[in-house]
Amino acid sequence: MTDTARTVIIRDTGGPDVFQIEDRPVGDPDRGEVRIAHKACGLNYIDVYHRSGVYPLDLPHGIGMEASGVIEAVGEGVTHLKVGDRAAYASNPPGAYCAARVMPAAQVCPLPDAISFEEGAAMMLQGMTVEYLFHRTVPLKAGDTVLMHAAAGGVGLIACQWAKSEGITLIGTAGSDAKCQLALDHGATHMINYEDEDFVGRVRELTNGRGVDVVMDAVGKDTFEGSLDCLRPVGMMISFGNASGVVPPVDLGMLGKKGSLQITRPTLFSHIADHVVCQEMAQHLFDKVASGAVTINIGQSYPLDKVAEAHRDLEARKTTGSTILTL
Ligand code: NDP
Numbered sequence: 001m002t003d004t005a006r007t008v009i010i011r012d013t014g015g016p017d018v019f020q021i022e023d024r025p026v027g028d029p030d031r032g033e034v035r036i037a038h039k040a041c042g043l044n045y046i047d048v049y050h051r052s053g054v055y056p057l058d059l060p061h062g063i064g065m066e067a068s069g070v071i072e073a074v075g076e077g078v079t080h081l082k083v084g085d086r087a088a089y090a091s092n093p094p095g096a097y098c099a100a101r102v103m104p105a106a107q108v109c110p111l112p113d114a115i116s117f118e119e120g121a122a123m124m125l126q127g128m129t130v131e132y133l134f135h136r137t138v139p140l141k142a143g144d145t146v147l148m149h150a151a152a153g154g155v156g157l158i159a160c161q162w163a164k165s166e167g168i169t170l171i172g173t174a175g176s177d178a179k180c181q182l183a184l185d186h187g188a189t190h191m192i193n194y195e196d197e198d199f200v201g202r203v204r205e206l207t208n209g210r211g212v213d214v215v216m217d218a219v220g221k222d223t224f225e226g227s228l229d230c231l232r233p234v235g236m237m238i239s240f241g242n243a244s245g246v247v248p249p250v251d252l253g254m255l256g257k258k259g260s261l262q263i264t265r266p267t268l269f270s271h272i273a274d275h276v277v278c279q280e281m282a283q284h285l286f287d288k289v290a291s292g293a294v295t296i297n298i299g300q301s302y303p304l305d306k307v308a309e310a311h312r313d314l315e316a317r318k319t320t321g322s323t324i325l326t327l
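First residue of the sequence shown: 1, per the UniProt record's numbering; consecutive thereafter.
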């Protein structure tokens, strides 16, 4: 165990140039905490919101919500992990872009031997998000139809496979023909290149005018209105992110006019705040991967000191599937 660890921090919000990498003290775990030596960290779009200030942090602050590694020390009261265990997590507070850290143990999960550290770092945040979107937000069932935007991204490729494994028809959107093909290869039923084609009209065509049961929209500002127009009466709009910009305030009366639509704005972190629920969600994800129903597509891997380049590529829509930082 070393006293210090290479750590990415920001002192100001802004573009990818605000990242600084320095050796920071790690410390020992307190009650309810563990110390984990990372093998890989996951890169997620939420990290862009933290870096740019869309989701404010008290500065200076670490960045990154997900990683995998080996438990180095365990605080009092932690019973589900021991020194030497392989582990992975998605968790608050941000600070996962580092070689080692002390953090709350409740959301750290034992990582099955069959899942590599790279897969573990790539899958926890995006995979548990898909778990709650398909099982805890609305009661989706076989035969239902879902519209998922950015279906070739990290959350997207897991969602395509998850939908197929549950007998759910997934209509996806993506920003290029190559991305559309990738999502089809991962189980999407239909894909729409929303750079070339009006996705609302195409969704109406594909559903014989009815509309979809559920929209999963984390693109945000650019797709929000169109997404509502893709829903069947009393359908559910799940707005869960803002890659293109924050969604403006919603006129509730408009939901009535468009057909008694429902709307929710969930976050992973309210779902995994409870230790038992978090471990259940992780186990469900591990089972999907172990069964072969879901494979984790790591589209990009960057060494930790190339974190700025990784963020530039993610924001420029150059990435597909999941992205990791290696140590
Ligand atoms: P992705 O890998 O999906 O990357 C974002 C994708 O969004 C891009 O690749 C791009 O795909 C699409 N996009 C559309 N418009 C823009 C734009 N203007 N700028 C940048 N990207 C754009 O990221 P993640 O899988 O990490 O996350 C996907 C979304 O889900 C994010 O919005 C994230 O915040 C959200 N999320 C929400 C969670 C929650 O619990 N609420 C948890 C996890 C993720 P294309 O080129 O195909 O359009």
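The beta carbon of each residue, even a glycine, is placed where N, CA and C say it ideally should be. Quick caveat: nothing in here was measured; it's all calculated off a predicted structure.
Check: Strand pairing of Gln300, partner residues [DSSP]; Outcome: Thr323
Check: Cβ shell of His275 (< 6 Å), same chain only, five flanking positions each side left out; Outcome: Ala106
Check: Whole-angstrom C-beta distance between Gly220 and Val247, which should lie under 8 Å; Outcome: 5 Å
Check: CB of Thr129 within 8 Å of CB of Ile171, strictly; Outcome: no
Check: Phe134: CB within 7 Å of a non-hydrogen atom of the ligand NDP; Outcome: no
Check: Beta-carbon proximity list for Ile296, same chain, < 7 Å, skipping 5 on both sides; Outcome: Glu119, Ala122, Met123, Val289 and Ser322
Check: Neighbour flag for Met191 against chain D, beta carbons, 8 Å; Outcome: In the displayed structure, chain D is absent; only one protein chain is listed.
Check: Whether Ala151 touches Ala159 by CB criterion (8 Å); Outcome: yes
Check: Beta strand (DSSP E) segment containing His190, residue limits; Outcome: His190 to Asn193
Check: Closer than 7 Å: Ile46 CB and nearest the ligand NDP heavy atom; Outcome: yes
Check: Glu309: CB within 7 Å of a non-hydrogen atom of the ligand NDP; Outcome: no
Check: Validate contact between the segment 234-248 and the segment 63-70 using beta carbons, cut 8 Å, 3 pairs; Outcome: no
Check: Contact under 8 Å by Cβ, Thr320 with Gly299; Outcome: yes
Check: Coil, strand or helix - Gly84 by DSSP; Outcome: coil
Check: beta-carbon Thr295 near the ligand NDP non-hydrogen atom, thresh 7 Å; Outcome: no
Check: Between the CA atoms of Lys179 and Pro110 - distance to the nearest angstrom; Outcome: 33 Å
Check: Which listed residue (Asp47, His80, Phe19 and Leu252) has its alpha carbon closest to that of Tyr92; Outcome: Residue identity check: residue 92 is Asn in the sequence provided, not Tyr. The residue with the shortest Cα to Cα distance from Asn92 is Asp47.
Check: Contact under 8 Å by Cβ, Arg24 with Gly75; Outcome: no
Check: Rounded straight-line distance, which links the Cα of Thr7 to that of Ile28; Outcome: The sequence given here places Asp at residue 28; Ile does not occur at that position. Distance between the alpha carbons of Asp28 and Thr7 is about 16 Å.
Check: Beta-carbon proximity check, Gly64 vs Pro94, cutoff 8 Å; Outcome: yes
Check: Inter-residue spacing [alpha-carbon to alpha-carbon] between Pro303 and His186; Outcome: 27 Å
Check: Cα-Cα separation between Ile192 and Phe199, rounded to whole angstroms; Outcome: 6 Å
Check: Close Cβ partners of Leu228 (< 7 Å) along its chain, the five nearest in sequence each way excluded; Outcome: Met237, Lys258 and Leu261
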